[in-house]
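So for the sequence shown, our numbering puts the first residue at 13; every next one is plus one. C-beta atoms are modelled at their ideal positions from N, C-alpha and C, and glycine is treated no differently. Read the structure below first, then the notes.
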Amino acid sequence: MTDTTSFAQTFGREPEHRYSAPGRANLIGEHTDYNDGYVLPFAIDRRTTSWIAARSDRLLRVTSTAATPGDVVELSLDDLAPAAMNGWSAYVFGIAWALRERGADLSDKSGFDIFIDSTVPVGAGLSSSAAIECGIALAFNDLWELGLDRKELARVGQFSENNAVGAPTGIMDQSASLLGEEDAAVFLDCRTLDTAVVDLALSTNNLEILVMDTRVEHAHATGGYAARRASCERGAEALGVPALRDVGVNDLPRAEKLLDAETFRRVRHIVTENQRVLDTVDVLREQGPRAIGDLLVASHRSMRDDFEISTPELDLAVDTALEHGAVGARMTGGGFGGSAIALVDREARTTIANAVTAAFAAAGYAEPVLFTVHAAQGARAEL
Ligand code: GLA
Numbered sequence: 013m014t015d016t017t018s019f020a021q022t023f024g025r026e027p028e029h030r031y032s033a034p035g036r037a038n039l040i041g042e043h044t045d046y047n048d049g050y051v052l053p054f055a056i057d058r059r060t061t062s063w064i065a066a067r068s069d070r071l072l073r074v075t076s077t078a079a080t081p082g083d084v085v086e087l088s089l090d091d092l093a094p095a096a097m098n099g100w101s102a103y104v105f106g107i108a109w110a111l112r113e114r115g116a117d118l119s120d121k122s123g124f125d126i127f128i129d130s131t132v133p134v135g136a137g138l139s140s141s142a143a144i145e146c147g148i149a150l151a152f153n154d155l156w157e158l159g160l161d162r163k164e165l166a167r168v169g170q171f172s173e174n175n176a177v178g179a180p181t182g183i184m185d186q187s188a189s190l191l192g193e194e195d196a197a198v199f200l201d202c203r204t205l206d207t208a209v210v211d212l213a214l215s216t217n218n219l220e221i222l223v224m225d226t227r228v229e230h231a232h233a234t235g236g237y238a239a240r241r242a243s244c245e246r247g248a249e250a251l252g253v254p255a256l257r258d259v260g261v262n263d264l265p266r267a268e269k270l271l272d273a274e275t276f277r278r279v280r281h282i283v284t285e286n287q288r289v290l291d292t293v294d295v296l297r298e299q300g301p302r303a304i305g306d307l308l309v310a311s312h313r314s315m316r317d318d319f320e321i322s323t324p325e326l327d328l329a330v331d332t333a334l335e336h337g338a339v340g341a342r343m344t345g346g347g348f349g350g351s352a353i354a355l356v357d358r359e360a361r362t363t364i365a366n367a368v369t370a371a372f373a374a375a376g377y378a379e380p381v382l383f384t385v386h387a388a389q390g391a392r393a394e395l
């Protein structure tokens with residue numbers, strides 16, 4: 013873990029502030045966010061930390077533990093524009109740009125020196141990018157005294173991701189990173205941004221969440237994610253609704269008559285997944301986490317067969333975990349790679365992890381990275 017020394021070595025002075033923000037895992041509700049639907053993610057105990065000191069000029073100067081030492085990227089607050097940003101520093105500069113685009117007056121603000129370190133694995137589908145964005149958004153909001161609330165900061169993060177980074181993602185990741193709470197999931201209505209904290213009660217039920225990172229890298233700026241989003245928008249238009257959130261399970265027979273077979277499968281995933289989120293929230297509240305296994309498995313099958321965003325590696329991780337006693341398992345995040353999660357008894361964790369590792373070796377896949385996560389608090393000021 014970096015300490016203030018790395019900051020001092022880079023910038024020749026001590027940091028003044030430290031902010032951190034978590035990555036996320038999604039318990040259930042996949043690709044529902046940009047359909048104005050429901051999601052149930054939780055912030056994880058893997059965080060991005062930003063050490064910050066104010067400057068007297070207008071420069072934002074940024075580096076990270078992942079960069080070559082001394083390799084500092086800078087941009088003036090007078091030059092903020094998506095075209096002036098590339099690579100990972102867009103996650104930082106993009107937030108300043110998005111704040112301004114959404115109405116913040118930055119004309120009299122000064123810049124910062126920023127050093128970023130992260131324990132959120134990159135490319136694992138655990139929102140390492142949202143973790144940077146949300147820690148930085150909270151820091152800029154505080155230090156520039158902008159007075160925005162966390163829901164608006166989530167919107168700022170999504171706006172930056174969509175328009176500065178260029179990935180057409182929804183609002184789930186930023187909401188989880190900003191609104192997460194210990195041992196709880198964030199139940200979010202992505203149309204209204206109404207939230208409720210839902211107790212996961214994992215430790216009292218002797219359960220853990222095992223992350224199974226397949227190490228198949230996914231990229232959202234291109235390819236399948238955007239194609240799925242376009243299918244959903246086409247489906248909503250053909251059905252005459254603003255978003256697929258407005259289609260219920262009872263409307264599916266009518267949808268099947270109106271849509272081509274592929275669009276119908278995409279729509280069916282979203283419609284049934286929204287219902288599964290609502291059901292999961294009810295079951296968690298009424299019966300506890302041990303009873304949600306079937307919903308998790310049904311969600312995975314829907315992503316595999318209807319939305320077609322799983323991979324053979326994700327399917328193998330999920331199936332192996334279930335065969336060896338997991339309560340439930342599903343891929344998490346955007347798909348096309350990244351991670352699956354399994355809800356497991358604490359005592360079964362090692363057996364399940366070993367079985368998944370062995371199954372990957374037998375299939376000739378890269379060795380997966382397996383670790384448990386706990387639901388953690390959202391973005392916060394550390395000092
Ligand atoms: C990615 C996006 C989110 C969401 C998920 C799928 O993580 O960033 O907005 O769409 O995929 O649920």
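Q. Exposed or buried, which one is residue 266 when buried takes at least 16 other CB atoms within 10 Å?
A. exposed
(Q) With the cut-off set at 8 Å, would you say residue 102 and residue 151 are in Cβ contact? (A) no
Q) Could you give the C-beta distance for residue 479 and residue 154, rounded to a whole number, given that I count them as a contact under 8 Å? A) With the chain running from 13 to 395 in the structure shown, residue 479 is simply not present.
Q) Looking only at C-alpha atoms, which of 274, 300, 259 sits nearest to residue 284? A) 259
Q. In three-state terms, what does DSSP make of residue 322?
A. coil
Q: Work out the CA separation of residue 346 and residue 233 for me, nearest whole Å.
A: Model confidence at residue 233 stands at a pLDDT of 48, short of 50, so the residue's coordinates are unreliable and nothing is read from them.
Q: Give the straight-line distance between the Cα atoms of residue 53 and residue 387, rounded to the nearest whole angstrom.
A: 9 Å
Q: Let me know the alpha helix (DSSP H) ranges lying completely inside the stretch 151 to 231, each 4 residues or longer, listed in chain order.
A: 162 to 172, 184 to 191
Q) Just the Cα atoms here: how many angstroms apart are residue 181 and residue 174? A) 6 Å
(Q) Helix, strand or coil for residue 25? Go by DSSP, reduced to three states. (A) coil
Q. So, are the CB atoms of residue 363 and residue 382 less than 8 Å apart?
A. no
Q.
For the ligand GLA, is there any heavy atom lying closer than 7 Å to the beta carbon of residue 38?
A. yes
Q. In terms of alpha-carbon separation, which member of 344, 187, 45, 90 lies closest to residue 315?
A. 344
Q. What's the gap between the Cα of residue 85 and the Cα of residue 91?
A. 13 Å
Q. How would you write the range of the beta strand (DSSP E) that residue 53 sits in, first residue to last?
A. 50 to 66
Q. How is residue 343 classed by DSSP in three states: helix, strand or coil?
A. strand
Q. What separation, rounded to the nearest whole angstrom, lies between the Cα atoms of residue 120 and residue 32?
A. 26 Å
Q: Along the alpha helix (DSSP H) that carries residue 245, what are the first and last residues, could you check?
A: 236 to 251
Q: Leaving out five residues on either side along the sequence, give the residues of the same chain with a beta carbon under 8 Å from the beta carbon of residue 407.
A: Outside the displayed span of the chain (13 to 395) sits residue 407, for which this structure offers no information.
Q: Report the three-state DSSP secondary structure of residue 86 (helix, strand or coil).
A: strand
Q.
Does the beta-carbon of residue 139, which I'm using as the reference point, lie nearer than 7 Å to any heavy atom of the ligand NAP?
A. As for the ligand NAP, it is missing from this structure, which binds only the ligand GLA.
Q) CA-CA distance, residue 334 and residue 320? A) 20 Å
Q. Counting Cβ pairs, one atom from each stretch, are 3 or more of them under 8 Å apart for the stretch 18 to 25 and the stretch 289 to 304?
A. no
Q. Are at least three pairs of beta-carbons, each pair with one atom in the stretch 58 to 75 and one in the stretch 121 to 136, less than 8 Å apart?
A. yes
Q: Determine the extent of the beta strand (DSSP E) in which residue 73 is found, giving its start and end residues.
A: 71 to 76
Q: State buried or exposed for residue 80, treating a residue as buried only when at least 16 other CB atoms are found within 10 Å of its CB.
A: exposed
Q. Is DSSP giving residue 351 helix, strand or coil here?
A. strand
Q. CB-CB under 8 Å to residue 274, same chain, minus the five flanking residues each way: which ones, in chain order?
A. 243
Q. How would you label residue 280, buried or exposed, when you count the other beta carbons within 10 angstroms and need 16 or more for buried?
A. buried
Q: Starting from the N-terminal end, write out each residue whose C-beta falls within a distance shorter than 5 Å of any non-hydrogen atom of the ligand GLA.
A: 42, 43, 45, 181, 182, 184, 185, 345, 346
(Q) Any beta carbon of chain D sitting closer than 8 Å to that of residue 235? (A) This model lacks chain D altogether; it includes just one protein chain.
**Q.** Own chain partners of residue 47 with C-beta closer than 6 Å, once the 5 adjacent residues on each side are dropped
**A.** 244, 255, 256, 257, 282
Q.
Quick check on the DSSP output: the alpha helix (DSSP H) that includes residue 314 runs from which residue to which?
A. 305 to 317
Q. Buried or exposed: where does residue 332 fall if 16 or more other Cβ atoms within 10 Å of its Cβ makes it buried?
A. buried
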